[in-house]
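Input: a single structure, listed below in C-alpha cells.
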Amino acid sequence: EPEVTQTPSHQVTQMGQEVILRCVPISNHLYFYWYRQILGQKVEFLVSFYNNEISEKSEIFDDQFSVERPDGSNFTLKIRSTKLEDSAMYFCASTIKQGNTEAFFGQGTRLTVV
Amino acid sequence: GNSVTQMEGPVTLSEEAFLTINCTYTATGYPSLFWYVQYPGEGLQLLLKATKADDKGSNKGFEATYRKETTSFHLEKGSVQVSDSAVYFCALDRGSTLGRLYFGRGTQLTVWP
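Which chain is which? The protein sequence lines are A and B, in order.
The first sequence begins at 7 in our numbering and counts up by one.
The second sequence begins at -1 in our numbering and counts up by one.
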C-alpha cells in the first residue's frame, strides 16, 4: 500500500541552526502539505504546495520557513534558524486532489530544539 | 473563522465499553468533517468522513454523524477493543477547492483488556 514517508523520525538541533525535514509523498499525488503539533496543542496547518508553488500558508509560516520539491519525489521543509518554540512534531501529507478528500500523512518528524 | 474543539483526553475504557469522543466545530461555508486516527509510531490515517449535513460516516465499527444544527461530529463505537487504543483527531476542511485541514487537539484512547 502506498504511503508517505518522512525522515528523520527524530531530529535534535541547537537553537539557531538550520534544519531540513524530508518527505516522500505518494507518487501520483499532486498536493502536498506540512502540519505541526506542539506537545499538548492542536495539529496546525503550515503550508500547502501545488505545481511547484505555495498555494496557501498560515501565519505560522513566516520567513524562517521554506518548502521545496527539489526533484520528482521529495518534498522538504526548511527552518532557517530554529527557535526553542519550533520544537514540535512535523507531519507531511499529500492528496490526489484538493479539498474534500483523504489526506495521507507520514509518521512525523519530532523536532527538538535545544 | 474555522476551528475544531475536541473532547480533552485521555480516555480510558475497558474492552467492550461504549465510546464517545465529542467534537464540535465552527466554520464558514460548507465544511467536510473527518476523523483521523494515529496508532503508535504511525502517521494519521483517515478513519471516516462526512461531506454534508446529516451524513453518517462509518468504518471499523466507528460512526459519526454530521449535525449542522449542533455543529457537532461526535465519534462513537459500541464496543471498543484493545486494538482501538490510539489518538483520535477530529478535523474539517472548508469544502472548497482548498485542501487545508483544521484539527482538534486529539484525544488519547486507551482500552484495557
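Quick reminder that beta carbons are idealized off the backbone N, C-alpha and C, glycines included.
- Of all residues in the segment 58 to 91 of chain B, the ones placed with a Cβ closer than 9 Å to any Cβ belonging to chain A are F87, A89 and D91, in chain order.
- With the criterion set as a beta carbon lying under 9 Å from some beta carbon of chain A, the members of the segment 39 to 56 of chain B are G39, E40, G41, L42, Q43, L44, K47 and T49, in sequence order.
- For T24 (chain B), the CB contacts under 6 Å within the same chain, skipping 5 residues up- and downstream, are S1 in chain order.
- For P31 (chain A) against F111 (chain A), the beta-carbon gap comes to about 10 Å, at or over 8 Å, which does not count as contact.
- Excluding five sequence positions before and after A51 (chain B), the CB atoms of its chain that fall closer than 7 Å to its own CB belong to Y64 and K66, given in chain order.
- For F16 (chain B), the closest Cβ of chain A is not nearer than 8 Å.
- DSSP lists A:Q43 and A:R116 as the bridge partner or partners of M95 (chain A).
- Distance check between Q43 (chain B) and each of A:V119, A:T101, A:V120 and A:V25 places A:T101 closest, using alpha-carbon atoms only.
- K54 (chain B) sits away from L31 (chain B), with the two beta carbons spaced by 8 Å or more.
- For I26 (chain A), the CB contacts under 6 Å within the same chain, skipping 5 residues up- and downstream, are T82 and K84 in chain order.
- Here V73 (chain A) is buried. Its C-beta has 16 or more other C-beta atoms within 10 Å.
- For a Cβ distance threshold of 7 Å, residue set K48 of chain A lies close to G102 (chain B), ordered along the chain.
- If you look at Q43 (chain B), you'll find it in the beta strand (DSSP E) that goes L42 to A48.
- Listed along chain B are G97, each with a C-beta nearer than 9 Å to that of T101 (chain A).
- Distance between L90 (chain B) and K75 (chain B), taken at the CA atoms: about 20 Å.
- C21 (chain B) and F71 (chain B) do touch by the CB rule: their CB atoms are close to 5 Å apart, below 8 Å.
- V80 (chain B) and P76 (chain A) have their C-alpha atoms roughly 42 Å apart.
- If you ignore the 5 residues before and after V35 (chain B), its C-beta comes within less than 6 Å of the C-beta of Q43, L45, A84 and Y86, all in its own chain and listed in chain order.
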